[in-house]
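*Asks:* This is the structure, below, for whatever I ask next.
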Amino acid sequence: MSRKRDWIVYLLIALGLLFLGIFTLAKPKLFEQLFIIALGVVAVVTGIGSLVTLNKYSFGKFNRTTTLVKGIGSIIIGVLAVVLPITIGGAIWRIILYVLAVQLLLSAIVVLIDAFAVRSLGLSPANLVVEGIVSFVIAILLFISPRTIADLLVTILGIVLIVLAVVLGAIAFVMRKKRAVGTIEAVEVEIEE
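Next comes the structure, spelled out in structure tokens:
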């Protein structure tokens, strides 16, 4: 893509983020439902990642079993988080939030155990530690008050998306202005006859 049109990409991203931010604030319940489904998809992906990890590292029997259980559990819970809301409706959301909290807590424990096993093999456990800490924090927040936390996070996310959209939009206009000035300067030529 040419550098001349980079500002258009920034502007389109800004407009998309602005739309998503306004949608998040205007329809928080629908956004929460879509977000739960997205968490379900993430759970399926991390479950598959855990199963792939079994073949990548030489875990002992305990670590292999816990990683296998985590992977299969993540896939099952992820599929339920995607399918149940679509088929049953809104009443299931609180239950799904608690189930996701339990899954995230168990996932955090297993991932941190795996991080120690990976470290003992002389490999870097950094990505596993980060995944474990993030999973643990989100699980605790969901246990404390799933509805309040979900509402608060949706509101914060909507505001952040709108602010980010405004910043990217401003960057796009600055880029456009610099490009226009650069083009004008390049065109200014004196012709002597």
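Each residue of the sequence shown is one higher than the one before, counting from -3 in the numbering used here. For each residue, glycine too, the CB sits at the ideal point set by N, CA and C.
Could you check if Asn123 is buried or exposed, using at least 16 other CB atoms within 10 Å of its CB as the buried criterion?
*Replies:* Position 127 of the sequence shown, counted from the start, is the residue given in the question as residue 123. Asn123 comes out exposed.
*Asks:* Can you tell me whether Val106 is buried or exposed, with buried defined as 16 or more other CB within 10 angstroms of its CB?
*Replies:* The sequence position of residue 106 within the sequence shown is 110, counting from 1. Label assigned to Val106: buried.
*Asks:* May I ask you to verify whether the segment 66 to 84 touches the segment 9 to 16, counting CB pairs closer than 8 Å and requiring at least 3?
*Replies:* no
*Asks:* With a CB to CB cut of under 8 Å and the five nearest residues on each side skipped, what residues in its chain are close to Val95?
*Replies:* The residue given as residue 95 occupies position 99 in the sequence shown. Ile73, Leu76, Ala77, listed in sequence order.
*Asks:* Is the segment 136 to 145 touching the segment 155 to 167, taking contact as three or more C-beta pairs under 8 Å?
*Replies:* no
*Asks:* Determine the DSSP secondary structure at Ser131, reduced to helix, strand or coil.
*Replies:* Your numbering for residue 131 matches position 135 in the sequence shown. Ser131 falls in the helix class under three-state DSSP.
*Asks:* What's the call for Asn51, buried or exposed, on a 16-neighbour Cβ count within 10 Å?
*Replies:* Sequence index remark: in the sequence shown, residue 51 carries index 55 (1-based). When all chains shown are included, Asn51 counts as exposed.
*Asks:* Please go through the segment 66 to 150 and give each complete beta strand (DSSP E) segment of 3 or more residues, from N-terminal end onward.
*Replies:* none
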